[in-house]
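> Each residue of the sequence shown is one higher than the one before, counting from 369 in this note's numbering. The C-beta atom is built at its ideal place from N, Cα and C for all residues, glycine as well. Pasting a structure here, questions to come.
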Amino acid sequence: MLLITIESSCDETAAAVIRDDGEILSEVVASQAKLHAEYGGVVPELASRAHMERILPVIDQAVKRANIKLTDLDAVAVTNCPGLAGSLLVGVVAAKTLAMTLGIPLISINHLQAHVYACRIAAGRDVFPCVGLIVSGGHTSLYQCAHPLEFELLGATIDDAAGEAFDKVAAMLQLPYPGGPNIQREAEKGNPKAFHFPRTFKNDPENMNFSFSGLKTAVRYQLVGEGKQSFDDLQISGQLRADIAASFQEAVVDVLAVKARQALKKTGMKNLCVGGGVAANAVLRERLERDAKRFGYHFFTAPLRLCTDNAVMGAIAWERFRAGEFEDLDLNFEAGVVRASQPKR
Ligand code: KG4
Ligand code: ZN
369 MLLITIESSC
379 DETAAAVIRD
389 DGEILSEVVA
399 SQAKLHAEYG
409 GVVPELASRA
419 HMERILPVID
429 QAVKRANIKL
439 TDLDAVAVTN
449 CPGLAGSLLV
459 GVVAAKTLAM
469 TLGIPLISIN
479 HLQAHVYACR
489 IAAGRDVFPC
499 VGLIVSGGHT
509 SLYQCAHPLE
519 FELLGATIDD
529 AAGEAFDKVA
539 AMLQLPYPGG
549 PNIQREAEKG
559 NPKAFHFPRT
569 FKNDPENMNF
579 SFSGLKTAVR
589 YQLVGEGKQS
599 FDDLQISGQL
609 RADIAASFQE
619 AVVDVLAVKA
629 RQALKKTGMK
639 NLCVGGGVAA
649 NAVLRERLER
659 DAKRFGYHFF
669 TAPLRLCTDN
679 AVMGAIAWER
689 FRAGEFEDLD
699 LNFEAGVVRA
709 SQPKR
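Below, the structure written as structure tokens:
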């Protein structure tokens, strides 16, 4: 049996064709990174317009690359939460149209569950129950995941997401968007101990939340001086940029690793699954690998292409298919973070 998955929750338009044994027949991702680069972050209006243009060509390519016909599809799945409203809407309408015209079942995908499921796909074996850490441009949250479709929120950021902090600090350091990979590259030349930036909630094991706004402000003060707002004509020396990038990255990685360990301890779980764009960070991956050995847990993540937004992680829809969880044609989207397992309509 064949499933097509559609992902358009943020700034990637993606589709994949996946067989019921998990085999990926095709995967297509059209990234909008270039489109948003000059604004230093995703502009929702531009994102939805770009999805509009690309959604059908992306679906068409996924079908062609899989060497199948649309009529060979047995089910269609789409991300309907959480994400940008105008972006989600485009994917959901496309999926509903396919379901209706082809007369095949419609399945909804929770994007955060899918990010954790990417670790299951990469591992090629069961990783549940686990603690799921999702770190992306829009989210930084810890979940207790008893099952691929059963999520309980342990904590989340109370202000910026980790990826957002990477993007904003990159802009302060005059590095291009997306900030994460550029900060990582710059940090290789810097000293992670040059500055000790704040690590909010690190020493508070009962509190599973995150906060990155104080860290962002500390970087700003380091650059322009306390109380000053303007970055105009700021001259940043190469070494200062590298040292700030390395020290900032170190602070984010340290908080994420320690909070993940606290969540494992609190829930008694032995598996940690990390997904989302920031999971692509090499220093974070090394730290979690080291911690896993040292503290006796299993660390799972996914290859870079499955950490950032993609449709392959939509393979989670087969779990819903097997559980008989289908949607009606009046399926809606849910822009905000959904705390329960999945919105039921
Ligand atoms: O999951 P994703 O592709 O999209 C969202 O759902 O947000 O994540 C994008 C975020 C961006 O903020 C980007 O700066 C960050 O992931 N990112 C990284 C790295 N690669 C991407 N952050 C740190 N290190 C990286 N290597
Ligand atoms: Zn994402």
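Label Ser605 either buried or exposed according to how many other C-beta atoms from any shown protein chain fall within 10 Å of its C-beta, with 16 as the threshold for buried.
Exposed.
> For the alpha helix (DSSP H) containing Glu657, list its first residue and its last residue.
Segment Ala650 to Phe663, the alpha helix (DSSP H) holding Glu657.
> Are His507 and Pro546 touching if we call contact CB-CB under 9 Å?
no
> Taking buried to mean at least 16 other C-beta atoms within 10 Å of its own C-beta, is Pro544 buried or exposed?
exposed
> Give me the DSSP bridge partner(s) of Ile475.
Ala445
> Within 9 Å of any Cβ in chain B, is that where the Cβ of Thr381 sits?
Although the question refers to chain B, the structure presented lacks it and comprises just one protein chain.
> Taking buried to mean at least 16 other C-beta atoms within 10 Å of its own C-beta, is Met637 buried or exposed?
Met637 is buried by the Cβ-count criterion.
> Could you tell me the boundaries of the alpha helix (DSSP H) in which Gly606 lies?
Gly606 to Thr635
> In chain order, what residues place their C-beta within less than 5 Å of a heavy atom belonging to the ligand KG4?
Cys378, Ser504, Gly505, Gly506, Gly531, Phe534, Asp535, Pro546, Gly547, Gly548, Pro549, Gln552, Gly644, Gly645, Val646, Ala648, Asn649, Thr676 and Asp677
> Could you check which residue in Leu501, Phe667, Gly548 and Thr381 has the C-alpha nearest to that of Ala491?
Phe667
> Report buried or exposed for Tyr589, applying the criterion of at least 16 other Cβ atoms within 10 angstroms of its Cβ.
exposed
> Roughly how many whole angstroms lie between the Cα atoms of Arg433 and Ile427?
Rounded to the nearest whole angstrom, the CA to CA distance from Arg433 to Ile427 is 10 Å.
> Could you tell me how far apart the beta carbons of Ala562 and Asp622 are, in whole angstroms, since I believe they sit closer than 8 Å?
At roughly 14 Å, the Cβ-Cβ gap does not stay under 8 Å, so Ala562 and Asp622 are not in contact.
> Report the three-state DSSP secondary structure of His515 (helix, strand or coil).
strand
> Quick one: grab the DSSP three-state call for Ile436.
coil
> Check whether the Cβ atoms of Asn448 and Glu702 lie closer than 9 Å to each other.
Against a cut-off of 9 Å, the Cβ pair of Glu702 and Asn448 comes out as a contact.
> Using only the heavy atoms of the ligand ZN, determine whether one of them is closer than 8 Å to the beta carbon of His479.
At least one heavy atom of the ligand ZN lies closer than 8 Å to the C-beta of His479.
> Does the Cβ-Cβ distance between Ala514 and Phe580 come in under 9 Å?
Between Ala514 and Phe580, the C-beta spacing is not below 9 Å.
> Residues in its own chain within less than 6 Å of Val642 by CB, not counting five upstream and five downstream?
Leu501 and Thr669
> Note down, in chain order, each residue of its chain lying with its Cβ closer than 8 Å to the Cβ of Arg387, except the 5 sequence neighbours on either side.
Met369, Leu370, Leu371 and Leu393
> Contact defined as beta carbons within less than 8 Å: I believe Gly644 pairs with Val503. What is the distance between those atoms, to the nearest angstrom?
Their Cβ separation, rounded to whole angstroms, is 5 Å, which keeps Gly644 and Val503 in contact under 8 Å.
> Going by DSSP, what residues sit across from Glu380 in a beta bridge?
The partner list for Glu380 (beta bridge, DSSP) reads Ser399.
> Measure the C-alpha to C-alpha separation of Arg713 and Ile526 and round it to an integer number of angstroms.
Caution is warranted here: a pLDDT of 32 is assigned to Arg713, below 50, making its placement in the model unreliable, and the coordinate value is therefore given only provisionally. C-alpha separation (whole angstroms): 28 Å.
> Quick check on DSSP: helix, strand or coil for Thr465?
helix
> Sorted by chain position, which residues of the same chain lie with C-beta nearer than 8 Å to Gly390's C-beta, five sequence neighbours on each side aside?
Ile489, Ala683 and Trp686
> Between Glu618 and the rest of its own chain, which residues show a CB-CB distance below 6 Å, the 5 nearest in sequence each way excluded?
Pro560
> Considering only heavy atoms of the ligand ZN, does any lie closer than 8 Å to the CB of His483?
Distances between the C-beta of His483 and the heavy atoms of the ligand ZN include at least one below 8 Å.
> Using the C-alpha atoms, what's the distance from Met420 back to Asp698?
20 Å
> By DSSP's criteria, Val503 is part of a beta bridge. Which residues make up the other side?
Thr508
> Rounded to a whole number of angstroms, what is the C-alpha to C-alpha distance between Val626 and Lys570?
The straight-line gap from Cα to Cα measures roughly 7 Å.
> Please work out which residues of its chain come closer than 6 Å, Cβ to Cβ, to Val620, disregarding the five sequence neighbours upstream and downstream, and give them in chain order.
Correct list, in chain order: Ala530.
> Using only alpha-carbon positions, find the residue among Val411, Ile423 and Leu457 that is nearest to Met397.
According to the sequence as given, residue 397 is Val; it is not Met. Val397 has its Cα closest to that of Ile423, out of Val411, Ile423 and Leu457.
> Between Val499 and the rest of its own chain, which residues show a CB-CB distance below 8 Å, the 5 nearest in sequence each way excluded?
Leu510, Tyr511, Gln512, Cys513, Leu522, Ala628, Ala631, Leu632, Thr635, Met637, Asn639, Leu640 and Cys641
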